[in-house]
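S.K.: In the numbering used here, the protein residues as written are 36 to 413.
1. So what's residue 169 in DSSP terms, helix, strand or just coil?
2. If you draw a straight line from the alpha carbon of residue 161 to that of residue 112, how long is it in whole angstroms?
3. Only counting the same chain, and skipping five residues up and downstream in sequence, which positions put a Cβ closer than 7 Å to that of residue 91?
4. Could you spell out where the beta strand (DSSP E) holding residue 189 opens and where it closes?
5. Could you give the residue range of the alpha helix (DSSP H) that holds residue 402?
6. For residue 265, which residues does DSSP report across the bridge?
7. With 16 as the cutoff for other CB atoms within 10 Å, does residue 432 come out buried or exposed?
8. So what does DSSP say about residue 98, is it helix, strand or coil?
9. Take the Cβ of residue 243 as the centre, count every other Cβ of all protein chains shown within 10 Å, and call the residue buried at 16 or more, exposed below.
10. I need the DSSP call for residue 5, collapsed to helix, strand or coil.
11. With H, G and I counted as helix, E and B as strand and the rest as coil, what does DSSP make of residue 135?
12. Starting from residue 152, follow the beta strand (DSSP E) in both directions and report where the run begins and ends.
13. Which residues in the same chain as residue 386 place their Cβ atom closer than 7 Å to its Cβ, once the five residues preceding and following it in sequence are excluded?
14. So residue 354 and residue 375 are supposed to be a Cβ contact under 8 Å. How far apart are they, rounded?
15. What are the start and end residues of the beta strand (DSSP E) that includes residue 406?
16. According to DSSP, is residue 378 part of a helix, a strand, or is it coil?
17. Counting beta carbon pairs with one atom in the region 210-223 and one in the region 166-186, are three or more of them shorter than 8 Å?
18. Measure the C-alpha to C-alpha separation of residue 126 and residue 99 and round it to an integer number of angstroms.
19. Taking contact to mean at least 3 C-beta pairs separated by less than 8 Å, is the region 132-151 in contact with the region 357-368?
20. According to the Cβ coordinates, are residue 173 and residue 156 closer than 8 Å?
21. Along the chain, where does the alpha helix (DSSP H) containing residue 208 start, and where does it finish?
22. Please report how far the alpha carbon of residue 258 lies from the alpha carbon of residue 198, in whole angstroms.
23. Could you tell me if residue 190 is buried or exposed, where buried requires 16 or more neighbouring beta carbons within 10 angstroms of its beta carbon?
24. Residue 280 and residue 313: beta carbons closer than 8 Å?
25. Express the C-alpha separation of residue 193 and residue 167 in angstroms, rounding to a whole number.
26. Could you say which of 177, 143, 304, 284 lies nearest to residue 164 if we only look at CA atoms?
27. Taking buried to mean at least 16 other C-beta atoms within 10 Å of its own C-beta, is residue 66 buried or exposed?
28. By DSSP's criteria, residue 294 is part of a beta bridge. Which residues make up the other side?
29. Could you check whether residue 203 and residue 237 sit closer than 8 Å to each other, using their CB atoms as the reference points?
30. Closest to residue 34 by CA distance: which of 175, 180, 262, 121 is it?
31. Given residue 405, which residues of its chain have a CB within under 6 Å of its CB, disregarding the five upstream and five downstream residues?
32. For residue 147, list the residues DSSP reports as bridge partners.
33. Beta carbon of residue 315, beta carbon of residue 396: below 8 Å?
34. In chain order, what are the residue ranges of uninterrupted beta strand (DSSP E) at least 3 long that sit wholly in the region 337-387?
35. Using beta-carbon positions only, say whether residue 151 and residue 133 come within less than 8 Å of one another.
36. Taking all protein chains shown into account, decide if residue 403 is buried (16 or more other Cβ within 10 angstroms of its Cβ) or exposed.
Laid out in structure tokens, this is it:
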């Protein structure tokens, strides 16, 4: 079955196509394929395209990038044979428009909602999904569940405080035999939750102590045990934290890590970052083989180069489309507590309270003006 487009008053277009799996996506077994091969899934993608709204051009450009990624994922998934009815809707950044769209009786037959983006729009879709027990994915913003209904609400991001907690949990696995120290070198009145949450995540996962120091009155050298390798994490994103970190980066038994914001600090010689690690929720190294292949395909299809939200849209639609194909509407039960490495980040969904959120992240390092993703197998 090919791809056709259908223009409707309530939507940008309806695409009817065959979809399937791809390298890096959820694995589909032969038994699962037999169960799902004849089913056509209905997926609704709701985004603020803001068509015809000239003052919303910034939002529209981001959504256009995201949708280019979706179309790239469609091309990948179409090769495998999953049948899907994809409906793409423009929310126009208006909760009343969302209510109007949801009034269509066909919406009750939806197998998966991806979007909207903004809280007031998500609130209306949440109430709808709670009634009809439909999985809902919040693609770009963290959205807490407000209803008491038992339906899957899946966040592709998490709140900043928990992101640092997950950094700490990851460090406990990636640097198992290391002594770990967190340096919070900001003035006392400017210190944030980042260092404390990293420490809490590390200690909860490892059962070992993580020292929290200021790097000034208590230095890294004074707390190092002198024998184990040392992992030093700096949560501060300012140039002072970066400079302090770089002063410790040359020791042969020490590894320094910090936020990707450091890479935006202007300097003459970026080779000073050689060997430094970075935690971040978004990273697409240009020297990565997967990026090069994606860029080539993108240029053939659209011209130019893919942007940030193109990668996000591609990864998310590829992941959730193949998950739906593999495990039907209850796919959320099968994706928990597993890691899936995608182009822009790792998906690692966990259950927290009454919702699901992405605890995945990127750990990458810098070497000779290039970035490399660091994957630890454990």
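All C-beta atoms, glycine included, are put in the ideal place defined by N, C-alpha and C.
M.R.: Looking at the atomic coordinates:
1. Looking up residue 169 in the chain shown gives position 134. Residue 169 falls in the coil class under three-state DSSP.
2. Looking up residue 161 in the chain shown gives position 126. Looking up residue 112 in the chain shown gives position 77. Looking at the two C-alpha atoms, the distance is approximately 27 Å.
3. What you label residue 91 is simply residue 56 of the chain shown in a count that begins at 1. Closer than 7 Å at the Cβ level, and outside the excluded window around residue 91, lie 85, 128.
4. For the purposes of this step, residue 189 is identified with residue 154 of the chain shown, where counting begins at 1. For residue 189, the enclosing beta strand (DSSP E) has its first and last residue at 188-190.
5. Counted from its first residue, the chain shown places residue 402 at position 367. Membership of residue 402 in any alpha helix (DSSP H) is not indicated; the residue belongs instead to the beta strand (DSSP E) covering 397-402.
6. In the chain shown, the residue the question calls residue 265 occupies position 230. 214, 289.
7. Nothing about residue 432 can be reported from this structure: the residues present for the chain run from 36 to 413 only.
8. Taking the first residue of the chain shown as position 1, residue 98 is located at position 63. Per DSSP, reduced to three states, the secondary structure at residue 98 is helical.
9. Reading the chain shown from its first residue, position 208 is the one you call residue 243. Counting Cβ neighbours within 10 Å, residue 243 comes out exposed, since fewer than 16 surround it.
10. Because the chain is modelled from 36 through 413, residue 5 falls outside the range shown and cannot be assessed.
11. By one-based count along the chain shown, residue 135 stands at place 100. Residue 135 falls in the helix class under three-state DSSP.
12. By 1-based counting over the chain shown, the position of residue 152 is 117. Looking at the DSSP string, residue 152 is not in any beta strand (DSSP E), and its letter there is neither H nor E.
13. Here residue 386 refers to the residue found at position 351 when the chain shown is read from its first residue. Close CB contacts of residue 386 within its chain, under the 7 Å cut and outside five residues either way in sequence, are with 371 (chain order).
14. Translated into the one-based positions of the chain shown, residue 354 becomes position 319. Translated into the one-based positions of the chain shown, residue 375 becomes position 340. Going by Cβ atoms, the distance from residue 354 to residue 375 rounds to 6 Å, so yes, they are a contact pair.
15. Counting from 1 along the chain shown, the entry for residue 406 is found at position 371. Per DSSP, residue 406 belongs to the beta strand (DSSP E) from 405-408.
16. Locating residue 378 in the chain shown gives position 343, where the first residue counts as 1. Collapsing the DSSP output to three states places residue 378 in coil.
17. Between the region 166-186 and the region 210-223, the count of C-beta pairs closer than 8 Å stays below three; the two stretches do not touch.
18. Here residue 126 is taken as the residue at index 91 of the chain shown, counted from 1. Here residue 99 is taken as the residue at index 64 of the chain shown, counted from 1. The straight-line gap from Cα to Cα measures roughly 14 Å.
19. Touching, yes, given that three or more Cβ pairs across the two stretches are closer than 8 Å.
20. Residue 173 sits at position 138 when you count from the first residue of the chain shown. Residue 156 sits at position 121 when you count from the first residue of the chain shown. Their beta carbons are not under 8 Å apart, which means residue 173 does not touch residue 156 by this criterion.
21. As a working note, residue 208 is residue 173 in the chain shown. For residue 208, the uninterrupted alpha helix (DSSP H) run begins and ends at 195-209, by DSSP.
22. For this step, residue 258 is matched to residue 223 along the chain shown. For this step, residue 198 is matched to residue 163 along the chain shown. Each residue's Cα considered, the two are about 26 Å apart.
23. On the chain shown, residue 190 is found 155 positions in, with the first residue counted as 1. By the 10 Å Cβ count, residue 190 comes out buried.
24. Reading the chain shown from its first residue, position 245 is the one you call residue 280. Reading the chain shown from its first residue, position 278 is the one you call residue 313. Result no, Cβ atoms of residue 280 and residue 313 do not sit closer than 8 Å.
25. Taking the chain shown and counting its residues from 1, one reaches residue 167 at position 132. Taking the chain shown and counting its residues from 1, one reaches residue 193 at position 158. Each residue's alpha carbon lies about 25 Å from the other.
26. As a first step, residue 164 is located in the chain shown; it is residue number 129 there, counting from the start. Among 177, 143, 304, 284, the Cα nearest to that of residue 164 belongs to 143.
27. Residue mapping note: residue 66 aligns to position 31 of the chain shown, counting from 1. Low confidence applies to residue 66: its pLDDT is 41, below 50, so where it sits in the model is not reliable, and the reading given next is rough at best. Residue environment analysis places residue 66 among the exposed positions, since fewer than 16 neighbouring C-beta atoms fall within 10 angstroms of its C-beta.
28. By 1-based counting over the chain shown, the position of residue 294 is 259. Under the DSSP definition of a beta bridge, residue 294 partners with 314.
29. What you label residue 237 is simply residue 202 of the chain shown in a count that begins at 1. What you label residue 203 is simply residue 168 of the chain shown in a count that begins at 1. Contact flag set, yes.
30. As shown, the chain starts at 36 and ends at 413. That puts residue 34 outside it, with no answer to give.
31. For the purposes of this step, residue 405 is taken as the residue at position 370 of the chain shown. 322.
32. Here residue 147 refers to the residue found at position 112 when the chain shown is read from its first residue. Paired residue(s): 78.
33. Locating residue 315 in the chain shown gives position 280, where the first residue counts as 1. Locating residue 396 in the chain shown gives position 361, where the first residue counts as 1. Between residue 315 and residue 396, the CB-CB gap stays under 8 Å.
34. Listed in chain order, the complete beta strand (DSSP E) runs (minimum 3 residues) inside the region 337-387 are 384-387.
35. By 1-based counting over the chain shown, the position of residue 151 is 116. By 1-based counting over the chain shown, the position of residue 133 is 98. Yes, Cβ-Cβ distance for residue 151 and residue 133 is below 8 Å.
36. The count along the chain shown starts at 1 and reaches residue 403 at position 368. So residue 403 ends up on the exposed side.
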